[in-house]
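These notes are about the structure you will find just below.
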Amino acid sequence: GAVVSQHPSWVICKSGTSVKIECRSLDFQATTMFWYRQFPKQSLMLMATSNEGSKATYEQGVEKDKFLINHASLTLSTLTVTSAHPEDSSFYICSAGPGEQFFGPGTRLTVL
Amino acid sequence: EDKVVQSPLSLVVHEGDTVTLNCSYEVTNFRSLLWYKQEKKAPTFLFMLTSSGIEKKSGRLSSILDKKELFSILNITATQTGDSAIYLCAVGASGGSNYKLTFGKGTLLTVNP
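Listed in order, the protein sequences are those of chains A and B. Residues 5 to 116, numbered by this note's numbering, are exactly what the first sequence covers, in order. Residues 97 to 209, numbered by this note's numbering, are exactly what the second sequence covers, in order.
Below, the structure written as structure tokens:
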């Protein structure tokens, strides 16, 4: 299957700082990538759809100024959590795929 | 609003048992239904189903889709402790120019030795 990588796999930051998470498709080109958030014991919630060369599409209730998405190339999308707060602590996962969606390994963010 | 409902939410069985996990959905512009297995990290892909009545099989796992009744089942035969995981059902639908997945809450399967 297709390979999607994420970096970093975990990050701890202080409240008020910004954190950037990268999602890469390693063996295919992805015009669209998806960003999800998963809280403990809950399912994946779609945050936004990242479109190469254009603005991301955000789901209802997701602040676009807080979760900045950039999809500058066909193999890389980045999610920046700006001015992070403890309630942003979560597991962030991206997905992409030529057909079915393959997930990156996820990034566990802890905001102190 | 698109909706995906999985049942049961949790299930405890003994090794060797057969389990059936259910997924029903209500979506606009259905394109596909996918099953994933999630252990400690991100979900791993199991199956993608687009046509009714065609069983997909991989080892002890199999899945089938009924587009008329809007549901899918995932069967696991001769369960092993390594099958313990959360099984996620997701439905892919088109919305404008976008294709997106809506996930169910998952079924937590525990297989005891």
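Every residue gets a Cβ at the ideal spot worked out from N, C-alpha and C, and that includes glycine.
Open item on the list: Can you tell me whether B/T177 is helix, strand or coil according to DSSP?
Closed with: Assigned with DSSP and collapsed to three states, B/T177 falls in helix.
- [ ] Would you check if the distance between the CB atom of A/F107 and the CB atom of A/S99 is smaller than 7 Å?
- [x] The Cβ atoms of A/F107 and A/S99 sit closer than 7 Å to each other.
Open item on the list: Is B/P139 close to chain A? Criterion is C-beta to C-beta, closer than 7 Å.
Closed with: Chain A, which has a Cβ nearer than 7 Å to the Cβ of B/P139, makes this yes.
- [ ] Kindly indicate which residue of B/V100, B/E97 and B/S106 has the alpha-carbon position closest to the one of B/T203.
- [x] Taking each of B/V100, B/E97 and B/S106 in turn and checking the Cα distance to B/T203, the smallest one comes out for B/S106.
Task: Alpha carbon of A/M37 to alpha carbon of B/P209, nearest angstrom - done: C-alpha separation (whole angstroms): 39 Å.
Open item on the list: I want to see whether chain B comes within less than 7 Å of A/L48, judged by CB atoms only; does it?
Closed with: Closer than 7 Å: yes.
Task: Where the beta strand (DSSP E) through A/A100 begins and ends - done: Counting along the chain, the beta strand (DSSP E) containing A/A100 begins and ends at S94 to A100.
Task: Unbroken beta strand (DSSP E) run spanning B/N171, endpoints - done: Run containing B/N171: F167 to I172, per the beta strand (DSSP E) assignment.
Open item on the list: Comparing C-alpha positions only, which one of B/I169, B/R127 and B/T124 sits nearest to B/K153?
Closed with: B/K153 has its Cα closest to that of B/I169, out of B/I169, B/R127 and B/T124.
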